[in-house]
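Chemist: The structure that follows is given in the form of C-alpha coordinates.
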(Lines of atoms letter the chains of each structure in order from A and count residues from 1; the text may use other names and numbers.)
(Lines give C-alpha, C1' and ligand atoms only; values in the text may rest on other atoms or scores of the structure.)
Protein backbone atom coordinates (compact mmCIF):
# COMPACT_ATOMS: atom_id res chain seq x y z
CA UNK A 1 0.00 0.00 0.00
CA UNK A 2 1.27 3.45 -0.88
CA UNK A 3 1.64 6.11 1.80
CA UNK A 4 3.02 9.61 2.11
CA UNK A 5 6.55 8.30 2.72
CA UNK A 6 6.41 6.15 -0.41
CA UNK A 7 4.48 8.15 -3.00
CA UNK A 8 3.59 6.68 -6.34
CA UNK A 9 5.90 7.54 -9.19
CA UNK A 10 4.49 9.19 -12.32
CA UNK A 11 4.82 5.90 -14.19
CA UNK A 12 2.93 4.06 -11.45
CA UNK A 13 0.14 6.63 -11.51
CA UNK A 14 -0.02 6.46 -15.30
CA UNK A 15 -0.34 2.66 -15.22
CA UNK A 16 -3.31 2.64 -12.86
CA UNK A 17 -6.66 1.99 -14.51
CA UNK A 18 -8.96 4.99 -14.66
CA UNK A 19 -11.87 4.57 -12.28
CA UNK A 20 -15.26 6.14 -11.69
CA UNK A 21 -16.73 4.52 -8.60
CA UNK A 22 -19.93 6.54 -8.21
CA UNK A 23 -22.46 6.80 -10.99
CA UNK A 24 -26.24 6.46 -11.00
CA UNK A 25 -28.09 4.60 -13.73
CA UNK A 26 -31.70 5.05 -14.89
CA UNK A 27 -34.32 4.89 -13.50
CA UNK A 28 -32.36 6.85 -10.88
CA UNK A 29 -31.85 10.44 -11.98
CA UNK A 30 -28.71 10.08 -14.03
CA UNK A 31 -26.24 11.79 -16.32
CA UNK A 32 -26.85 8.85 -18.67
CA UNK A 33 -29.91 7.96 -20.71
CA UNK A 34 -29.23 4.23 -20.51
CA UNK A 35 -26.86 1.55 -19.26
CA UNK A 36 -25.60 1.13 -22.82
CA UNK A 37 -24.62 4.81 -23.00
CA UNK A 38 -22.81 4.71 -19.65
CA UNK A 39 -20.76 1.68 -20.67
CA UNK A 40 -19.99 3.08 -24.11
CA UNK A 41 -18.79 6.40 -22.72
CA UNK A 42 -16.62 4.63 -20.14
CA UNK A 43 -14.91 2.69 -22.92
CA UNK A 44 -14.49 5.80 -25.08
CA UNK A 45 -12.98 7.76 -22.18
CA UNK A 46 -10.60 5.02 -21.08
CA UNK A 47 -12.34 4.29 -17.78
CA UNK A 48 -11.80 0.67 -16.82
CA UNK A 49 -13.44 0.35 -13.39
CA UNK A 50 -17.02 1.63 -13.05
CA UNK A 51 -19.04 1.59 -9.84
CA UNK A 52 -22.79 2.17 -9.72
CA UNK A 53 -24.57 3.28 -6.52
CA UNK A 54 -28.30 3.43 -7.16
CA UNK A 55 -31.01 4.37 -4.73
CA UNK A 56 -33.26 1.61 -3.40
CA UNK A 57 -33.70 -0.68 -6.43
CA UNK A 58 -30.91 -2.70 -7.99
CA UNK A 59 -32.65 -4.45 -10.88
CA UNK A 60 -30.55 -2.50 -13.38
CA UNK A 61 -27.35 -3.96 -11.94
CA UNK A 62 -27.86 -7.22 -13.88
CA UNK A 63 -27.87 -5.41 -17.23
CA UNK A 64 -24.97 -3.22 -16.13
CA UNK A 65 -22.87 -6.23 -15.07
CA UNK A 66 -23.46 -7.98 -18.38
CA UNK A 67 -22.72 -4.97 -20.57
CA UNK A 68 -19.70 -3.89 -18.54
CA UNK A 69 -18.15 -7.36 -18.62
CA UNK A 70 -18.75 -7.71 -22.35
CA UNK A 71 -17.03 -4.34 -22.88
CA UNK A 72 -13.99 -5.31 -20.81
CA UNK A 73 -14.88 -3.10 -17.85
CA UNK A 74 -14.67 -4.12 -14.20
CA UNK A 75 -18.08 -3.47 -12.60
CA UNK A 76 -18.49 -2.54 -8.94
CA UNK A 77 -21.80 -2.39 -7.12
CA UNK A 78 -22.81 -0.05 -4.33
CA UNK A 79 -25.69 1.54 -2.50
CA UNK A 80 -26.60 5.07 -1.50
CA UNK A 81 -29.11 5.87 1.23
CA UNK A 82 -30.39 9.29 2.29
CA UNK A 83 -30.76 9.88 6.02
CA UNK A 84 -31.94 12.90 7.98
CA UNK A 85 -30.66 13.45 11.51
CA UNK A 86 -33.13 15.71 13.30
CA UNK A 87 -30.73 16.85 16.03
CA UNK A 88 -28.11 17.94 13.51
CA UNK A 89 -30.79 19.57 11.37
CA UNK A 90 -31.96 21.67 14.31
CA UNK A 91 -28.37 22.56 15.15
CA UNK A 92 -27.65 23.60 11.56
CA UNK A 93 -24.79 21.12 11.24
CA UNK A 94 -23.90 19.93 7.73
CA UNK A 95 -22.53 16.46 7.17
CA UNK A 96 -21.90 15.54 3.52
CA UNK A 97 -24.59 17.60 1.82
CA UNK A 98 -23.25 21.16 1.65
CA UNK A 99 -26.67 22.72 1.18
CA UNK A 100 -28.78 20.84 3.70
CA UNK A 101 -27.99 20.64 7.43
CA UNK A 102 -28.71 17.26 8.99
CA UNK A 103 -28.91 15.47 5.64
CA UNK A 104 -26.49 12.59 5.19
CA UNK A 105 -25.70 10.31 2.27
CA UNK A 106 -24.64 6.83 3.40
CA UNK A 107 -22.69 5.03 0.69
CA UNK A 108 -21.50 1.44 0.40
CA UNK A 109 -18.99 0.37 -2.25
CA UNK A 110 -17.88 -2.98 -3.60
CA UNK A 111 -20.89 -4.90 -2.30
CA UNK A 112 -20.79 -8.52 -3.43
CA UNK A 113 -24.36 -9.70 -2.85
CA UNK A 114 -27.64 -8.11 -3.87
CA UNK A 115 -29.62 -11.19 -4.88
CA UNK A 116 -31.00 -12.87 -2.99
CA UNK A 117 -31.11 -10.47 -0.07
CA UNK A 118 -31.15 -11.91 3.41
CA UNK A 119 -34.46 -11.62 5.25
CA UNK A 120 -32.99 -8.94 7.52
CA UNK A 121 -31.59 -6.92 4.61
CA UNK A 122 -34.85 -7.18 2.65
CA UNK A 123 -36.88 -6.00 5.64
CA UNK A 124 -34.55 -3.06 6.29
CA UNK A 125 -34.54 -2.08 2.62
CA UNK A 126 -38.34 -2.11 2.56
CA UNK A 127 -38.46 0.24 5.55
CA UNK A 128 -36.07 2.59 3.74
CA UNK A 129 -38.12 2.41 0.55
CA UNK A 130 -41.42 3.04 2.32
CA UNK A 131 -40.15 6.01 4.31
CA UNK A 132 -38.42 7.57 1.32
CA UNK A 133 -41.48 7.10 -0.89
CA UNK A 134 -43.64 8.79 1.74
CA UNK A 135 -41.15 11.67 1.93
CA UNK A 136 -41.17 12.15 -1.83
CA UNK A 137 -44.97 11.95 -2.06
CA UNK A 138 -45.24 14.68 0.58
CA UNK A 139 -42.70 16.77 -1.31
CA UNK A 140 -44.68 16.49 -4.56
CA UNK A 141 -47.90 17.41 -2.76
CA UNK A 142 -46.34 20.48 -1.12
CA UNK A 143 -44.78 21.67 -4.37
CA UNK A 144 -48.07 21.23 -6.21
CA UNK A 145 -49.79 23.33 -3.54
CA UNK A 146 -47.16 26.07 -3.86
CA UNK A 147 -47.61 26.08 -7.63
CA UNK A 148 -51.39 26.29 -7.27
CA UNK A 149 -51.03 29.22 -4.88
CA UNK A 150 -48.97 30.95 -7.57
CA UNK A 151 -51.71 30.36 -10.14
CA UNK A 152 -50.06 27.31 -11.69
CA UNK A 153 -52.48 24.38 -11.62
CA UNK A 154 -50.24 21.83 -13.29
CA UNK A 155 -51.94 18.54 -12.48
CA UNK A 156 -48.68 17.00 -11.28
CA UNK A 157 -48.85 14.38 -8.54
CA UNK A 158 -46.60 11.51 -7.45
CA UNK A 159 -48.06 9.12 -10.03
CA UNK A 160 -47.47 11.63 -12.83
CA UNK A 161 -43.82 12.06 -11.86
CA UNK A 162 -43.31 8.29 -11.85
CA UNK A 163 -45.10 8.03 -15.21
CA UNK A 164 -42.58 10.47 -16.66
CA UNK A 165 -39.62 8.41 -15.47
CA UNK A 166 -41.16 5.23 -16.89
CA UNK A 167 -41.74 6.89 -20.28
CA UNK A 168 -38.28 8.41 -20.38
CA UNK A 169 -36.36 5.24 -19.66
CA UNK A 170 -38.74 2.43 -20.59
CA UNK A 171 -38.31 0.90 -17.15
CA UNK A 172 -40.66 -1.12 -14.98
CA UNK A 173 -42.75 1.09 -12.72
CA UNK A 174 -41.85 -0.88 -9.59
CA UNK A 175 -38.16 -0.05 -10.06
CA UNK A 176 -38.74 3.72 -9.80
CA UNK A 177 -37.94 5.48 -6.53
CA UNK A 178 -38.28 9.22 -6.92
CA UNK A 179 -35.52 11.70 -6.17
CA UNK A 180 -35.73 15.46 -5.76
CA UNK A 181 -34.32 15.93 -9.25
CA UNK A 182 -37.10 13.80 -10.75
CA UNK A 183 -39.66 16.02 -9.03
CA UNK A 184 -38.01 19.27 -10.11
CA UNK A 185 -37.78 18.02 -13.69
CA UNK A 186 -41.44 17.01 -13.76
CA UNK A 187 -42.64 20.38 -12.47
CA UNK A 188 -40.33 22.33 -14.78
CA UNK A 189 -41.59 20.37 -17.78
CA UNK A 190 -45.20 20.91 -16.70
CA UNK A 191 -44.60 24.66 -16.37
CA UNK A 192 -42.96 24.74 -19.81
CA UNK A 193 -45.99 22.97 -21.31
CA UNK A 194 -48.57 25.10 -19.51
CA UNK A 195 -47.10 28.59 -19.55
CA UNK A 196 -46.22 30.41 -22.79
CA UNK A 197 -42.58 31.46 -23.02
CA UNK A 198 -43.41 35.17 -22.86
CA UNK A 199 -45.30 34.65 -19.57
CA UNK A 200 -42.87 32.25 -17.93
CA UNK A 201 -40.65 34.80 -16.23
CA UNK A 202 -43.60 36.36 -14.39
CA UNK A 203 -45.03 32.95 -13.47
CA UNK A 204 -41.74 31.76 -12.01
CA UNK A 205 -41.31 34.99 -10.08
CA UNK A 206 -44.72 34.43 -8.50
CA UNK A 207 -43.72 30.89 -7.60
CA UNK A 208 -40.22 31.66 -6.28
CA UNK A 209 -40.88 35.07 -4.79
CA UNK A 210 -37.84 36.25 -6.75
CA UNK A 211 -36.93 36.48 -10.44
CA UNK A 212 -35.64 33.38 -12.20
CA UNK A 213 -32.10 33.78 -13.50
CA UNK A 214 -32.96 32.04 -16.77
CA UNK A 215 -36.70 31.33 -17.03
CA UNK A 216 -36.43 29.58 -20.41
CA UNK A 217 -33.52 27.31 -19.48
CA UNK A 218 -34.80 23.95 -18.19
CA UNK A 219 -31.77 23.05 -16.06
CA UNK A 220 -31.66 26.47 -14.42
CA UNK A 221 -35.36 26.35 -13.59
CA UNK A 222 -35.05 22.83 -12.20
CA UNK A 223 -32.19 23.93 -9.95
CA UNK A 224 -34.22 26.94 -8.81
CA UNK A 225 -37.22 24.76 -8.01
CA UNK A 226 -34.99 22.67 -5.75
CA UNK A 227 -33.29 25.62 -4.10
CA UNK A 228 -36.48 27.61 -3.43
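In the numbering used here, the protein residues as written are 70 to 297. Ideal placement from N, C-alpha and C gives every residue a C-beta, glycine not left out.
Compare the beta carbon distance of residue 118 and residue 94 with 8 Å and say whether it is the shorter of the two.
Modeler: One-based indexing of the chain shown puts residue 118 at position 49. One-based indexing of the chain shown puts residue 94 at position 25. Result no, Cβ atoms of residue 118 and residue 94 do not sit closer than 8 Å.
Chemist: Quick check on DSSP: helix, strand or coil for residue 141?
Modeler: Residue numbering aside, residue 141 sits at position 72 when the chain shown is read from its first letter. Here residue 141 sits in coil by DSSP.
Chemist: If you follow the alpha helix (DSSP H) that residue 202 is part of, which residue opens it and which one closes it?
Modeler: Within the chain shown, residue 202 is the residue found at index 133, counting from 1. Element bounds for residue 202: 188–218.
Chemist: Using 8 Å for Cβ pairs, my map puts residue 184 next to residue 149. What's the rounded Cβ distance?
Modeler: To locate residue 184, count along the chain shown from 1; it is residue 115. To locate residue 149, count along the chain shown from 1; it is residue 80. Not quite, the Cβ-Cβ distance comes to about 18 Å (not below 8 Å), so this is no contact.
Chemist: Give a yes or no on whether the C-beta atoms belonging to residue 221 and residue 260 are separated by under 8 Å.
Modeler: Counting from one through the chain shown, the residue named residue 221 turns up at place 152. Counting from one through the chain shown, the residue named residue 260 turns up at place 191. Yes, the Cβ-Cβ distance between residue 221 and residue 260 is below 8 Å.
Chemist: Secondary structure at residue 163, three-state DSSP: helix, strand or coil?
Modeler: Sequence index remark: in the chain shown, residue 163 carries index 94 (1-based). Of the three classes helix, strand and coil, the one that applies to residue 163 here is coil, per DSSP.
Chemist: Quick test of your reading: residue 104 and residue 136, contact by CB under 8 Å. State the CB separation rounded to the nearest angstrom.
Modeler: Numbered from 1 along the chain shown, position 35 holds the residue referred to as residue 104. Numbered from 1 along the chain shown, position 67 holds the residue referred to as residue 136. Indeed, because the Cβ distance is near 6 Å, the residues count as touching under 8 Å.
Chemist: Note down the Cα distance separating residue 158 from residue 152, rounded to an integer number of angstroms.
Modeler: Taking the first residue of the chain shown as 1, we reach residue 158 at position 89. Taking the first residue of the chain shown as 1, we reach residue 152 at position 83. Cα to Cα, the separation comes out at about 11 Å.
Chemist: Which two residues bound the contiguous alpha helix (DSSP H) that contains residue 238?
Modeler: Along the chain shown, one-based indexing puts residue 238 at 169. In the DSSP annotation of this structure, the continuous segment of the alpha helix (DSSP H) that includes residue 238 starts and ends at 227–238.
Chemist: Counting C-beta neighbours from all protein chains within 10 Å, is the total for residue 196 16 or more, i.e. buried, or is it exposed?
Modeler: As a working mapping, residue 196 is identified with position 127 in the chain shown. With fewer than 16 other Cβ atoms within 10 Å, it is exposed.
Chemist: Name the two residues that bound the continuous alpha helix (DSSP H) containing residue 260.
Modeler: For the purposes of this step, residue 260 is identified with residue 191 of the chain shown, where counting begins at 1. Element bounds for residue 260: 249–263.
Chemist: In this structure, does DSSP put residue 178 in helix, strand or coil?
Modeler: Taking the first residue of the chain shown as position 1, residue 178 is located at position 109. In this structure, residue 178 counts as coil in the three-state DSSP scheme.
Chemist: Would you say the stretch 237–248 touches the stretch 264–282, given that touching needs at least three Cβ pairs under 8 Å?
Modeler: no
Chemist: Any chance the stretch 285–294 sits against the stretch 247–257, with 3 or more Cβ pairs inside 8 Å?
Modeler: Counting Cβ pairs under 8 Å, three or more are found: they touch.
Chemist: Report buried or exposed for residue 133, applying the criterion of at least 16 other Cβ atoms within 10 angstroms of its Cβ.
Modeler: Counted from its first residue, the chain shown places residue 133 at position 64. When all chains shown are included, residue 133 counts as buried.
Chemist: Beta-carbon within less than 6 Å of residue 205's beta-carbon, same chain only, minus the 5 sequence neighbours each way: which residues are those?
Modeler: As a working note, residue 205 is residue 136 in the chain shown. Hits under 6 Å: 247.
Chemist: Going along the chain, which residues of its own chain have a beta-carbon closer than 8 Å to the beta-carbon of residue 179, five neighbours each way excluded?
Modeler: On the chain shown, position 110 is the one that residue 179 refers to. Excluding residues within five positions, the ones whose Cβ falls inside 8 Å are 120, 145, 146 and 147.
Chemist: Only counting the same chain, and skipping five residues up and downstream in sequence, which positions put a Cβ closer than 7 Å to that of residue 124?
Modeler: For the purposes of this step, residue 124 is taken as residue 55 along the chain shown, with counting starting at 1. Cβ within range, chain order: 97, 149, 246 and 248.
Chemist: How many Å lie between residue 235 and residue 243 at the Cα?
Modeler: Numbered from its first residue, the chain shown carries residue 235 at position 166. Numbered from its first residue, the chain shown carries residue 243 at position 174. Each residue's Cα considered, the two are about 10 Å apart.
Chemist: Taking a contact to mean a Cβ-Cβ separation below 8 Å, would you say residue 263 touches residue 284 in this structure?
Modeler: Translated into the one-based positions of the chain shown, residue 263 becomes position 194. Translated into the one-based positions of the chain shown, residue 284 becomes position 215. It is not a contact, given that the beta carbons lie outside the stated cut-off.
Chemist: Between the alpha carbons of residue 293 and residue 182, how many angstroms are there, rounded?
Modeler: Here residue 293 refers to the residue found at position 224 when the chain shown is read from its first residue. Here residue 182 refers to the residue found at position 113 when the chain shown is read from its first residue. Those two C-alpha atoms are separated by around 38 Å.
Chemist: Please list the terminal residues of the continuous alpha helix (DSSP H) segment that includes residue 223.
Modeler: Position 154 of the chain shown, counted from the start, is the residue given in the question as residue 223. Here residue 223 belongs to no alpha helix (DSSP H), and DSSP marks it neither H nor E.
Chemist: Over what stretch of residues does the beta strand (DSSP E) that includes residue 116 continue unbroken?
Modeler: Translated into the one-based positions of the chain shown, residue 116 becomes position 47. Where residue 116 is concerned, the enclosing beta strand (DSSP E) stretches over 116–123.
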